[in-house]
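**Q** Using this note's numbering, read the sequence shown as starting at 90 and increasing by one per residue.
All residues carry an ideal CB built from backbone N, CA and C; glycine is no exception.
Small disclaimer: the values here were computed from a predicted structure and weren't measured.
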Amino acid sequence: MQLEDYMARRNLRDGEFARLIGRSRVTVNRIRRGLIRPSWDTIREIRAATGGEVTAEDFERAGALPGEVATGSPSGNATTKKIRDSHT
Numbered sequence: 090m091q092l093e094d095y096m097a098r099r100n101l102r103d104g105e106f107a108r109l110i111g112r113s114r115v116t117v118n119r120i121r122r123g124l125i126r127p128s129w130d131t132i133r134e135i136r137a138a139t140g141g142e143v144t145a146e147d148f149e150r151a152g153a154l155p156g157e158v159a160t161g162s163p164s165g166n167a168t169t170k171k172i173r174d175s176h177t
């Protein structure tokens with residue numbers, strides 16, 4: 090299950106979920122929208138907070154590995170590039 094779906098079904102806001110996993114509201118918002126991929130530590134926190142309903146495989150299906158960000162190109166082709174997870 091995608092994080093966005095999980096949060097919507099439980100009517101959770103970014104800030105509420107952020108407190109559950111020990112990350113910032115902004116970080117959760119970016120992860121939820123697929124702008125960044127969480128680190129392995131953050132994935133473990135998400136999995137624990139969701140009772141295993143959101144897993145690493147859900148982020149893998151989203152198109153980028155942890156530590157990468159999905160970016161678009163003018164041609165509409167998605168690419169990925171390495172980033173650092175600041176845990177903020």
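1) Output yes or no for whether 9 Å exceeds the beta carbon distance between Ile-135 and Leu-92.
2) For Ile-132 and Phe-148, which I take to be in contact (beta-carbon distance under 8 Å), what is that distance rounded to the nearest angstrom?
3) Within 10 Å of its beta-carbon, does Arg-99 have 16 or more other beta-carbons around it, so buried, or fewer, so exposed?
4) Could you name the residues of the same chain whose beta carbon sits closer than 7 Å to that of Met-96, not counting the 5 residues immediately before and after it, in chain order?
5) With distances taken from CA atoms, which of Gly-123, Leu-109, Arg-114, Ile-110 is nearest Asp-57?
**A** By the coordinates alone:
1) As a working mapping, residue 135 is identified with position 46 in the sequence shown. As a working mapping, residue 92 is identified with position 3 in the sequence shown. It is a contact, given that the beta carbons lie within the stated cut-off.
2) Within the sequence shown, the letter at position 43 stands for residue 132. Within the sequence shown, the letter at position 59 stands for residue 148. Taking C-beta atoms under 8 Å as the contact rule, Ile-132 and Phe-148 qualify, at a distance of about 6 Å.
3) For the purposes of this step, residue 99 is taken as residue 10 along the sequence shown, with counting starting at 1. Flag for Arg-99 reads exposed.
4) Taking the first residue of the sequence shown as position 1, residue 96 is located at position 7. The residues are Phe-106, Arg-121.
5) Residue 57 is absent from the model: the chain starts at 90 and stops at 177.
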